[in-house]
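K.L.:
Handing you this structure, nothing more for now.
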Amino acid sequence: MPLVDIQNLHVSFPQHEGLVQAVRGMSLTIEPGESLGIVGESGSGKSVTCMAALRLLREPPSRITADRLILDGVDMLTASRRDLARVRGKVASMVFQDPMSAFDPVFTIGHQIVETIRAHTDASLSTAKDQAVALLDRVRIKTPVSILNSYPHQLSGGMLQRAMIAMALSCRPKILFADEPTTALDVTIQAQILALIKELQAELGMGLVMVTHDLGVVAETVDRLVVMYGGRVMEEGPVQAIFDDPRHPYTRALLNSIPGRTPGKQRLTEIPGQSPNPMSPPAGCPFHPRCTDALPDCATTPPAMRPIAPGRAAACWALT
Amino acid sequence: MTTPVLELRNLSKTFQLPRKGGWFAGHLDHHAVRDVSLTLPRNTILGLVGESGSGKSTTGLMTMRLIEPSSGRVLIDGTDITTLTQAELKPYRRQMQIVVQDSYSALDPMMTLACIVAEPLHIHGLGTSDDQTEQALAMLDRVGLHRSYGQRYPHELSGGQRQRVAIARALILRPHVLVADEPTSALDVSVKAQIINLLLDLQQEMGLSILFISHDLSVVRSLTDRVAVMFNGRIVETAATETIFSDARHPYTQGLLSAIPVLNPRDRRPRRFLTADDIERGIPRLPGAGATPALVQVGPDHLVEAVAG
Numbered sequence: 002m003p004l005v006d007i008q009n010l011h012v013s014f015p016q017h018e019g020l021v022q023a024v025r026g027m028s029l030t031i032e033p034g035e036s037l038g039i040v041g042e043s044g045s046g047k048s049v050t051c052m053a054a055l056r057l058l059r060e061p062p063s064r065i066t067a068d069r070l071i072l073d074g075v076d077m078l079t080a081s082r083r084d085l086a087r088v089r090g091k092v093a094s095m096v097f098q099d100p101m102s103a104f105d106p107v108f109t110i111g112h113q114i115v116e117t118i119r120a121h122t123d124a125s126l127s128t129a130k131d132q133a134v135a136l137l138d139r140v141r142i143k144t145p146v147s148i149l150n151s152y153p154h155q156l157s158g159g160m161l162q163r164a165m166i167a168m169a170l171s172c173r174p175k176i177l178f179a180d181e182p183t184t185a186l187d188v189t190i191q192a193q194i195l196a197l198i199k200e201l202q203a204e205l206g207m208g209l210v211m212v213t214h215d216l217g218v219v220a221e222t223v224d225r226l227v228v229m230y231g232g233r234v235m236e237e238g239p240v241q242a243i244f245d246d247p248r249h250p251y252t253r254a255l256l257n258s259i260p261g262r263t264p265g266k267q268r269l270t271e272i273p274g275q276s277p278n279p280m281s282p283p284a285g286c287p288f289h290p291r292c293t294d295a296l297p298d299c300a301t302t303p304p305a306m307r308p309i310a311p312g313r314a315a316a317c318w319a320l321t
Numbered sequence: 013m014t015t016p017v018l019e020l021r022n023l024s025k026t027f028q029l030p031r032k033g034g035w036f037a038g039h040l041d042h043h044a045v046r047d048v049s050l051t052l053p054r055n056t057i058l059g060l061v062g063e064s065g066s067g068k069s070t071t072g073l074m075t076m077r078l079i080e081p082s083s084g085r086v087l088i089d090g091t092d093i094t095t096l097t098q099a100e101l102k103p104y105r106r107q108m109q110i111v112v113q114d115s116y117s118a119l120d121p122m123m124t125l126a127c128i129v130a131e132p133l134h135i136h137g138l139g140t141s142d143d144q145t146e147q148a149l150a151m152l153d154r155v156g157l158h159r160s161y162g163q164r165y166p167h168e169l170s171g172g173q174r175q176r177v178a179i180a181r182a183l184i185l186r187p188h189v190l191v192a193d194e195p196t197s198a199l200d201v202s203v204k205a206q207i208i209n210l211l212l213d214l215q216q217e218m219g220l221s222i223l224f225i226s227h228d229l230s231v232v233r234s235l236t237d238r239v240a241v242m243f244n245g246r247i248v249e250t251a252a253t254e255t256i257f258s259d260a261r262h263p264y265t266q267g268l269l270s271a272i273p274v275l276n277p278r279d280r281r282p283r284r285f286l287t288a289d290d291i292e293r294g295i296p297r298l299p300g301a302g303a304t305p306a307l308v309q310v311g312p313d314h315l316v317e318a319v320a321g
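Protein sequences appear in the order of chains C and H.
The working numbering applies: residue 2 is where the first sequence begins, and numbers increase by one.
The working numbering applies: residue 13 is where the second sequence begins, and numbers increase by one.
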């Protein structure tokens with residue numbers, strides 16, 4: 002049984018000017034222990050999918066519908082507040098791009114980690130404190146006690162992200178959603194945090210969802226890849242297979258536009274045009290206005306995901 | 013030899029930070045930039061690379077005299093502009109412009125795009141009002157925004173489009189030097205490629221020289237002719253871009269290069285991470301070098317920080 006089973010997820014936000022359709026029919030299953038990357042640009046719906054999966058979006062205003070939205074056997078659409086609270090933390094937890102705003106500035110790091118542990122277990126204060134020290138040790142923080150007594154503003158971005166990961170791991174979740182966890186960090190710190198996440202995933206046998214716009218980050222960390230655009234999945238499959246032989250025109254264009262692939266100062270292969278407006282997404286395939294392979298059908302009917310190889314599928318009318 | 017469009021000579025900046033312990037505790041000196049010398053030849057793009065706190069942005073701002081250097085000199089087309097008054101500086105401002113990372117805060121939300129792009133012409137009193145608008149619209153068109161965008165406001169644009177406006181505004185005066193401080197860092201991959209191509213095209217067309225400040229070595233590889241690597245306020249290595257990628261000598265440069273995420277999952281490898289101490293200890297030891305770390309020539313046009321050993 003998959004750990005995460007999402008079928009036909011739609012998420013929208015009513016705004017003054019109209020309805021923002023952030024996710025439009027997203028399906029995703031994740032097996033226990035699997036590491037999955039969700040790649041997409043701003044507005045592709047990658048973060049919203051994760052937030053919706055954990056029901057972290059405020060409803061209303063946001064509207065979530067799905068044929069199925071199941072995490073570890075719990076139907077997230079009908080679960081009670083209590084069940085949701087149990088799932089968040091014990092089954093799945095999340096780390097965010099900006100650790101500074103994810104921590105409460107007026108409490109110490111230790112206070113916040115201990116609070117999380119005690120909210121989910123019946124550990125005593127002193128056991129919880131010991132566990133917090135062990136957690137910080139686990140994320141390779143050399144001076145756990147002094148970090149526990151620090152306030153968020155006293156720590157660097159890299160250190161805070163480590164503490165954030167420690168907190169996310171405090172209840173031994175079965176899957177960790179990491180939403181752009183290294184985007185705000187320096188290159189060398191990014192490399193360290195990615196290495197840490199990979200090590201911890203292997204150590205704990207935990208599932209991982211790495212949400213990012215950076216193809217380098219997924220190339221570095223995950224086994225399976227989902228490429229999103231305009232609120233839909235364009236292509237999915239094993240990460241190596243997609244990098245070697247991208248089948249969807251969007252995936253191809255995205256891989257071709259990465260800077261620094263070949264030596265020398267040179268123009269890059271750009272994707273002309275811009276991402277679709279989520280308030281009035283184009284009919285048919287969301288990528289068709291920018292696609293070099295577009296067929297007449299692409300502008301009218303959205304293509305469904307079609308299997309193209311074992312474990313691989315893509316949504317494109319031009320697939321041969 | 014022709015005069016470089018921009019030359020920095022022994023530029024330093026010390027910020028004074030309040031010391032803990034109350035009003036009368038005095039201050040600490042923070043050496044943000046130490047003894048930086050750089051030349052930017054005509055019609056080239058120089059990448060200034062480093063991480064947060066390396067002093068790269070401070071160097072860029074001092075180049076524009078948006079921060080006053082503590083010591084050292086800035087030369088534009090061979091003229092020392094370090095000691096000019098603001099009034100004397102104004103004609104030189106036409107020759108040097110800046111584009112920053114956060115285009116949202118760099119554009120006045122109350123002005124239309126045409127006004128934003130025409131404003132430098134207005135400030136320097138170039139042409140009639142109609143001319144200025146016409147030039148601004150032509151410039152918007154050149155950076156890939158249809159003339160009809162002239163009537164729009166910054167909030168109506170995406171991040172990539174706002175960055176195009178910032179570039180249009182910087183280039184409308186036909187400057188010789190453009191300082192571009194992380195202009196692509198906040199952008200999505202496909203938009204990033206568009207902006208890089210735009211900068212490359214404009215550089216060719218206008219014979220522009222660009223000081224491109226970035227922490228993103230992949231972008232630097234595609235865009236620049238030369239690279240200078242900054243660490244702790246110092247330049248630790250400088251060479252032609254491909255030399256940096258194929259033959260980096262300084263431990264910090266090597267560390268930066270090895271931290272770049274792989275381009276294909278097949279190339280995953282375990283990494284070694286250097287601490288600041290490792291880097292200071294690993295400074296190359298070369299026979300010709302002095303007792304204190306200084307830049308030493310190790311190849312044609314390749315300088316690296318080294319000590320005697």
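Virtual Cβ for every residue (Gly too), placed ideally from N, Cα, C.
Source: prediction; values computed, not measured.
By the criterion of Cβ-Cβ separation under 7 Å, what are the contact partners of residue 276 (chain H) in chain C?
P.N.:
Under the 7 Å cutoff, chain C gives 220 and 244.
K.L.:
Do residue 312 (chain C) and residue 247 (chain C) have their C-beta atoms within less than 8 Å of each other?
P.N.:
Not in contact: residue 312 (chain C) and residue 247 (chain C) (Cβ atoms no closer than 8 Å).
K.L.:
Could you tell me whether the Cβ of residue 209 (chain H) comes closer than 8 Å to any Cβ of chain C?
P.N.:
It does: the Cβ of residue 209 (chain H) has a partner Cβ on chain C nearer than 8 Å.
K.L.:
Do you know offhand how far residue 236 (chain C)'s Cα is from residue 261 (chain H)'s?
P.N.:
Between residue 236 (chain C) and residue 261 (chain H), the C-alpha separation is close to 41 Å.
K.L.:
My output table needs one value for residue 244 (chain C): the three-state DSSP class, helix, strand or coil.
P.N.:
Note: residue 244 (chain C) maps to helix in three-state DSSP.
K.L.:
For residue 36 (chain H), count neighbouring Cβ atoms within 10 angstroms of its own Cβ and tell me buried if that reaches 16, exposed if not.
P.N.:
Result: exposed.
K.L.:
Report the option in H:93, H:112 and H:148 whose CA atom is closest to the CA atom of residue 128 (chain H).
P.N.:
It is H:148.
K.L.:
Can you check DSSP and say which residues form a bridge with residue 76 (chain C)?
P.N.:
C:71, per the DSSP bridge assignment.
K.L.:
Check whether the segment 132-148 of chain C touches the segment 84-92 of chain C, taking contact to mean three or more Cβ pairs, one atom from each stretch, closer than 8 Å.
P.N.:
These segments do not touch.
K.L.:
What residues in the segment 101-115 of chain C bring their beta carbon closer than 8 Å to a beta carbon of chain H?
P.N.:
If the cut-off is 8 Å between Cβ atoms, the segment 101-115 of chain C has nothing near chain H.
K.L.:
Quick check: the Cα distance between residue 30 (chain C) and residue 5 (chain C), rounded to an integer number of angstroms?
P.N.:
Distance between the alpha carbons of residue 30 (chain C) and residue 5 (chain C) is about 5 Å.
K.L.:
Per DSSP, which one or two residues make a beta bridge with residue 230 (chain C)?
P.N.:
DSSP, once it has assigned bridges, lists C:233 as partnering residue 230 (chain C).
K.L.:
Whose Cβ in chain H lies nearer than 8 Å to the Cβ of residue 275 (chain C)?
P.N.:
Simply 170, 172, 173 and 203.
K.L.:
Report yes or no: is there a C-beta of chain H within less than 8 Å of the C-beta of residue 193 (chain C)?
P.N.:
For residue 193 (chain C), the answer is yes, since a Cβ of chain H falls inside 8 Å of its Cβ.
K.L.:
Report all residues from its chain with a CB closer than 7 Å to the CB of residue 15 (chain H); omit the five preceding and five following residues, and keep chain order.
P.N.:
Within the same chain, residue 15 (chain H) has close Cβ partners 89 and 90.
K.L.:
State whether the segment 230-249 of chain H contacts the segment 56-72 of chain H, with contact taken as three or more CB pairs (one from each stretch) at a distance under 8 Å.
P.N.:
Touching, yes, given that three or more Cβ pairs across the two stretches are closer than 8 Å.
K.L.:
Please go through the segment 133-211 of chain C and give each complete beta strand (DSSP E) segment of 3 or more residues, from N-terminal end onward.
P.N.:
Counting only runs of 3 or more, we get 176-180.
K.L.:
Tell me which residue opens and which closes the alpha helix (DSSP H) that residue 263 (chain H) is part of.
P.N.:
Looking at the DSSP string, the run of the alpha helix (DSSP H) that includes residue 263 (chain H) is 263-271.
K.L.:
Going by DSSP in three states, residue 123 (chain H) sits in which element: helix, strand or coil?
P.N.:
It is coil, neither helix nor strand.
K.L.:
Give a yes or no on contact between the segment 302-318 of chain C and the segment 63-73 of chain H, applying the rule of three or more CB pairs nearer than 8 Å.
P.N.:
Result no; under three Cβ-Cβ pairs closer than 8 Å.
K.L.:
Determine whether the Cβ of residue 212 (chain C) lies closer than 8 Å to any Cβ atom of chain H.
P.N.:
For residue 212 (chain C), the answer is no, since every Cβ of chain H falls outside 8 Å of its Cβ.
K.L.:
Going by beta carbon distance, what residues of the same chain come within less than 7 Å of residue 33 (chain C), once the five residues before and after it are set aside?
P.N.:
Closer than 7 Å at Cβ, skipping near neighbours: 4, 175 and 208.
K.L.:
Let me check understanding here. Comparing Cα to Cα, which of H:48, H:40 and H:200 lies closest to residue 315 (chain H)?
P.N.:
Out of H:48, H:40 and H:200, H:48 has the C-alpha closest to the C-alpha of residue 315 (chain H).
K.L.:
Taking just the CA atoms, how far does residue 281 (chain C) sit from residue 11 (chain C)?
P.N.:
Those two C-alpha atoms are separated by around 15 Å.
K.L.:
For residue 283 (chain C), go through chain H and note every residue whose CB falls closer than 9 Å to its CB, in chain order.
P.N.:
Those do not exist, as residue 283 (chain C) stays about 16 Å from chain H at its closest Cβ, beyond 9 Å.
K.L.:
How many Å lie between residue 149 (chain C) and residue 82 (chain C) at the Cα?
P.N.:
For residue 149 (chain C) and residue 82 (chain C), the distance between alpha carbons rounds to 30 Å.
K.L.:
Could you confirm whether any beta carbon from chain C is found closer than 8 Å to the beta carbon of residue 184 (chain H)?
P.N.:
Not one chain C Cβ lies under 8 Å of residue 184 (chain H).
K.L.:
Using 8 Å as the threshold, is the C-beta distance between residue 269 (chain H) and residue 220 (chain H) below it?
P.N.:
Taking 8 Å as the Cβ cut-off, residue 269 (chain H) and residue 220 (chain H) do not qualify as a contacting pair.
K.L.:
With a threshold of 8 Å between beta carbons, is residue 16 (chain C) in contact with chain H?
P.N.:
Taking Cβ atoms only, chain H never reaches closer than 8 Å to residue 16 (chain C), which makes this a no.
K.L.:
May I ask which residues mark the beginning and end of the alpha helix (DSSP H) holding residue 103 (chain H)?
P.N.:
Taken as a continuous stretch (DSSP letters only), the alpha helix (DSSP H) holding residue 103 (chain H) covers 98-105.
K.L.:
Have a look at C:158, C:165, C:69 and C:26 and flag the residue whose alpha-carbon is nearest the alpha-carbon of residue 136 (chain C).
P.N.:
Out of C:158, C:165, C:69 and C:26, C:165 has the C-alpha closest to the C-alpha of residue 136 (chain C).
K.L.:
Closer than 7 Å by beta-carbon distance: list the chain C residues that pair up with residue 267 (chain H), in chain order.
P.N.:
Ordered by position in chain C, the residues that pass the 7 Å Cβ test against residue 267 (chain H) are 189.
K.L.:
Consult DSSP for residue 379 (chain H) and reduce its assignment to one of helix, strand or coil.
P.N.:
Outside the shown range of chain H (13 to 321) lies residue 379 (chain H), about which nothing can therefore be said.
K.L.:
Below 8 Å CB to CB, which residues in the same chain sit around residue 256 (chain C) once its five sequence neighbours on both sides are set aside?
P.N.:
The answer, listed in chain order, is 216, 244 and 247.
K.L.:
Just checking my contact of residue 95 (chain C) with residue 192 (chain C) at CB under 8 Å: how many whole Å lie between their CB atoms?
P.N.:
About 22 Å separates the two Cβ atoms, so there is no contact after all.
K.L.:
So the alpha helix (DSSP H) residue 112 (chain H) belongs to, where does it begin and stop?
P.N.:
Where residue 112 (chain H) is concerned, there is no enclosing alpha helix (DSSP H), given that its DSSP letter is neither H nor E.
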